[in-house]
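According to our numbering, the first sequence is numbered sequentially starting from 925. Built from N, CA and C at the ideal position, the CB exists for glycine as well. Because the structure is a prediction, the values reported are computed rather than measured. First comes the structure, then the notes that go with it.
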Amino acid sequence: MPDEDVDDASEAGLPIDSPADPTLEILRHSAAHLMAAAVTELFPGAQYDVGPATSDGFFYNFRLPEGRTVSEQDLARIEKRMKQKASQRVPFVREVMPRAQARATFDDMGQPFKVDIIDRIPPEVAEVSVYRTGNFVDLCRGPHVPDSGWLKAVKLQRVAGVYWRGDERNEQLQRIYGTAWFSDEELQAYLDRIAEAERRDHRRLGRELDLFSFPEEIGSGLAIFHPRGGLVRRIMEDYSRQRHEAAGYEFVNTPHITKSDLFETSGHLQWFADGMFPPMELDGGTNYYLKPMNCPFHILIYRSRQRSYRELPLRLFEFGSVYRYEKSGVIHGLTRVRGLTMDDAHIFLTREQLDTELHSLLVFVLDLLRDFGLTDFYLELSTKPPGKAVGSDEEWEEATEALRRAAMKMGLELVMDEGGGAFYGPKISVQAHDAIGRTWQMSTIQADFQFPQRFDLGYVGPTGEKVRPIMIHRALFGSVERFFAILLEHYAGDFPLWLAPVQVAVVPVQDDAPEVMAFVADIAGQLRAAGLRVEVSDHPGMRMSKRVRDAEVQRVPYVVVVGRQDVESGSGVIRVRDTRLPAEEAITEMTVPGLVEKLRGEAAKRGPEAAPPQRARRAAD
RNA sequence: GCCCAAGUAGCUCAGAGGUAGAGCAACGCCUUGGUAAGGCGUAGGCCGUGGGUUCGAUUCCCACCUUGGGCUCCA
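Below is the structure:
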């Protein structure tokens, strides 16, 4: 995420000296200036807005004259001009002046954005600083590198449209993104990291491994899962079901559409109508909506009869398909779609149970995520969104504090996300780092005092009085589709054995030798009997090295190669997919019974065999 | 939704106002091969969809759909 929260007023103001050893941030901020200098030369009359450093590089926002636009083809020209300036070692010269003078200067230059920034500097600031780089002048607090000779390892990356001051009601400016490093080696390493992320891109892997696709005929953001993808997904879901069952959840099912009343009561239509598919209007004027959330349905299950405190916590779970009308520009692979399946559960409980339940829930969540191979977490606490929330401050406070207490007990880093909660309650989200260090938001847990009121929920307490329960909304995968994509990228397609759609490929060396083929069938049979998913490479006439390659390309974890030499010994030479090892080291000789034993153990490590289903527990524990 | 791009064979991509090409994949034949691509051949395309300009459009123009990178948004 680029650093969007640019406080542009802070760009001017207090004097800061040019440092002897600039930081990467200073380098990049200087590169932004240099780029703006090049752009204003190449596009006379261009107006520049703000240009900070980001976590990966820098950007600068522009408005070009006469409706001109910067296209990607222009980037090469701009970059070339920057390189020229870099070789000229143009100094960055700092100058402090009264703000009125600075304002007049930028006004004369036809730079309204800078004038606006000066006008928004707090009145007590009397002086501001500007930096000159050749003919380019920018309002800026600094500091900067001494001269443009520092800015050699620079690459412009892309152009984007951005709303002025980040508000979609404002006009759109053009932003040019670039990256800058101290050395060409560092720049290259960064570009290599991008290439690595591209190699892992789930959209690419999904196609190459024949897991899923997005047919144009269905519509944007709607995926279909192919047999192999469906298999992986089913394993994920089955394992999740089994763990939920063991954790005391009960399974429910609810329809995909509902009359509008339900979402009027919940408040979704008030707050999120834009994000919902438009209604289907039936004769008589009744509107039906595709559900964007499962919670109101689960609430109706709770409310279907009188509830007793003895039933609580009541944990209702569903793989619920929901549909959200995401804006066309935000749809992305499986991670941002219009139709998705949530591993959604709603827990109804008493106030007194909240702390205990939240704690055991967090333990459960992290444990399950670890089973899927994600191990590096931190937590984020999202609080009341100003102007977009229902409920009293006291209720929000109570819910937020309960979440905070639970989060603190986990011994993980806790980051605040002020104003990031849902309209009905605060949330904890579990953030996970993947294999190449990227952060993904995974599970969310929300404490909700509002829906129980809106739907007038109650339970009969120990002394016979009616009491209002509270609710926890929680999803571990979030969206199954998105979680699938994250795992695919995390593993770069190399799923662990228990998730791999094909676990063992059996490759004959001589496919026209009956004794070899009989042995191949025997091995495949033994492996299948051990519960493994086996594929025999039986395409006649194909070279065995090609068969091995095909299995590798499909990321099959184990490849068993058997030929005449092995028939007598009953062994095979086994290739183990292991990205940490060179190919030749991953090849081992092993007898077939030995392999069966080894894989039986590994395949059963996780997945349906891991924890035998237990009876759902009641609330008492 | 907005800005910048892009849609040509299953995939990766050339191409040009006169009815289209390569590599890989698929299929067939030959090759009898011991751990990541054997050889030859065949087939495969409404050039995203719909309009317009033109004698003629896959190529130029417009709209829409889809995709990618951003912005805004994300219950």
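Cβ contact (3+ pairs, closer than 8 Å) linking the segment 949 to 961 and the segment 1054 to 1062: The segment 949 to 961 vs the segment 1054 to 1062: in contact.
Proximity winner among ALA1171, LEU988, GLU1405 and TYR984, relative to ARG1158 (alpha-carbon distances): GLU1405
Beta carbon of ALA1429 nearer than 9 Å to that of VAL1458: yes
Residues bridged to GLY1085 [DSSP beta-bridge criterion]: GLN1098
Residues near PRO1036 by beta carbon distance below 7 Å, same chain, minus five either side: Taking C-beta separations shorter than 7 Å and ignoring five residues to either side along the sequence, the partners of PRO1036 in its chain run GLN971, following chain order.
Closest by C-alpha distance to LEU951, when choosing among PHE983, VAL1484 and VAL1354: PHE983
Simplified DSSP state of SER1306, which is helix, strand or coil: strand
Enclosing alpha helix (DSSP H) for ILE1118 [first to last residue]: Boundaries of the alpha helix (DSSP H) harbouring ILE1118: 1108 to 1123, taken from the DSSP string.
SER913 - containing alpha helix (DSSP H), residue span: Residue coverage of the chain in this structure runs from 925 to 1545, which leaves residue 913 outside it and unanswerable.
Buried versus exposed, by CB contacts within 10 Å (16 or more), MET1033: exposed
Beta-carbon proximity list for PRO1310, same chain, < 7 Å, skipping 5 on both sides: GLY1343
Three-state secondary structure assigned by DSSP to GLU1405: helix
Residue closest to VAL978, alpha-carbon to alpha-carbon, out of ASP998, GLU949 and GLU965: According to the sequence as given, residue 978 is Thr; it is not Val. THR978 has its Cα closest to that of GLU949, out of ASP998, GLU949 and GLU965.
DSSP bridge partner residues for LYS1183 (one or two, in chain order): TYR1212
Bridge partners - PRO1139, DSSP secondary structure assignment: Partner(s): none; PRO1139 has no beta bridge.
Inter-stretch contact at 8 Å, needing at least 3 Cβ pairs: the segment 1390 to 1403 / the segment 1415 to 1431: Result no; under three Cβ-Cβ pairs closer than 8 Å.
Bridge partners - GLU1022, DSSP secondary structure assignment: First, the residue type needs correcting, since residue 1022 is Pro and not Glu in the sequence shown. According to DSSP, PRO1022 bridges with GLU1051.
Residues that LYS1390 bridges to, as DSSP identifies them: VAL1384
Proximity of GLU1413 and ASP1358 at Cβ, strictly below 9 Å: yes
Between the CA atoms of ARG1362 and GLY1263 - distance to the nearest angstrom: 25 Å
Best match in HIS1192, VAL1484 and VAL1017 for proximity to MET1602 [C-alpha to C-alpha]: Outside the displayed range of the chain (925 to 1545) lies residue 1602, so it cannot be described from this structure.
Reference LYS1076; option with closest CA among GLU1337, GLN1098 and GLN1112: GLN1112
GLN997 (DSSP reduced to helix, strand or coil): Three-state DSSP puts GLN997 in a helix.
For ILE1447, the three-state DSSP class (helix, strand or coil): helix
Where ALA1527 falls: helix, strand or coil (DSSP): helix
Cβ neighbour criterion (16 or more within 10 Å) applied to GLU1281: buried
Buried or exposed (CB count within 10 angstroms, at least 16 for buried), ASP1268: buried
Reference ALA1346; option with closest CA among SER1190, GLN1008 and ARG1027: SER1190
Segments of 3+ residues assigned as beta strand (DSSP E) that fall wholly inside the segment 1243 to 1306: 1263 to 1273 and 1300 to 1306
Option nearest PHE1136 by Cα separation, candidates ARG1501, PHE1301, ALA1000 and THR1259: Residue THR1259 holds the alpha-carbon nearest to the alpha-carbon of PHE1136 among ARG1501, PHE1301, ALA1000 and THR1259.
PRO1151 - DSSP class collapsed to helix/strand/coil: helix
Limits of the unbroken beta strand (DSSP E) element including LYS1351: 1351 to 1357
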